[in-house]
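Take the sequence shown: its letters are residues 130 to 292, numbered as in our numbering.
All remarks here apply to the structure that follows.
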Amino acid sequence: MLPLTDPEIRASLVNVSMRERKGLTLPTNFAALPWDSLDFLGWRDPKIPGIGYVITALDDAPVGILLTQAKGRMQTRPQCSWCTDVQLPNEVVLFSAKRAGAAGRNGDTVATLACANFECCANVRKLPSMAYIGFDVEAARRDRIASLGEHVGNFVQDVRDGN
130 MLPLTDPEIR
140 ASLVNVSMRE
150 RKGLTLPTNF
160 AALPWDSLDF
170 LGWRDPKIPG
180 IGYVITALDD
190 APVGILLTQA
200 KGRMQTRPQC
210 SWCTDVQLPN
220 EVVLFSAKRA
230 GAAGRNGDTV
240 ATLACANFEC
250 CANVRKLPSM
260 AYIGFDVEAA
270 RRDRIASLGE
280 HVGNFVQDVR
290 DGN
């Protein structure tokens with residue numbers, strides 16, 4: 130992911146109002162983000178519980194969305210739809226996002242299961258366990274990194290395009 134500035138982040142958000150855009154709080158460690166190891170930028174708003182933001186590149190431009198965590202707890206431990214890590218060290222929650230444009234203003238939303246604090250980029254970079262003799266763990270890691278980019282990109286594009 131290419132480094133972004135505060136104005137670029139705010140301008141990238143497609144499913145927010147002007148008030149929400151102005152009220153956005155950047156990640157606490159924004160100046161020290163490891164941009165080279167991020168497939169997307171995701172963080173929880175430290176001032177507004179239940180709100181998160183995700184920004185990824187679509188068509189060589191940053192596109193961001195606001196996500197709202199669903200209330201309540203899962204009965205069973207779900208799997209993150211983005212990193213698909215089966216040995217998650219973190220919590221997975223249900224996030225919803227209103228669609229961009231008229232669809233979102235009419236109440237149309239989409240949802241996904243994702244790591245609660247968007248730890249997906251770190252999860253896919255861990256070496257997976259050896260599945261069988263001769264299993265190429267490095268190739269499996271590269272595949273997981275590529276899949277993460279596709280999963281997040283598809284979700285953000287769905288929100289942006291309203292499909």
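Beta carbons are placed, not taken as given, at the ideal position from N, Cα and C, and that holds for glycine.
Keep in mind it's a predicted model, so treat the numbers as computed, not measured.
Looking only at its own chain, which residues have a Cβ that is under 7 Å from the Cβ of G230, when we skip the five neighbours before and after it?
Position 101 of the sequence shown, counted from the start, is the residue given in the question as residue 230. Contacts found: G291.
Taking the Cβ atom as the reference point for each residue, do A226 and V288 lie within a distance shorter than 7 Å?
In the sequence shown, the residue the question calls residue 226 occupies position 97. In the sequence shown, the residue the question calls residue 288 occupies position 159. Taking 7 Å as the Cβ cut-off, A226 and V288 qualify as a contacting pair.
Alpha-carbon to alpha-carbon, G263 and A269
Position 140 of the sequence shown, counted from the start, is the residue given in the question as residue 269. Position 134 of the sequence shown, counted from the start, is the residue given in the question as residue 263. Roughly 12 Å separates the two Cα atoms.
Taking the CB atoms as reference points, tell me whether C294 and L256 lie closer together than 7 Å.
The structure shown does not extend to residue 294, since the chain spans only 130 to 292, so no value can be given for it.
Can you tell which of D135, G278, I194 has its C-alpha closest to the C-alpha of C249?
Your numbering for residue 249 matches position 120 in the sequence shown. Ranking the options by Cα distance to C249, first place goes to G278.
Would you call the CB atoms of S141 and G179 closer than 7 Å?
Taking the first residue of the sequence shown as 1, we reach residue 141 at position 12. Taking the first residue of the sequence shown as 1, we reach residue 179 at position 50. Taking 7 Å as the Cβ cut-off, S141 and G179 do not qualify as a contacting pair.
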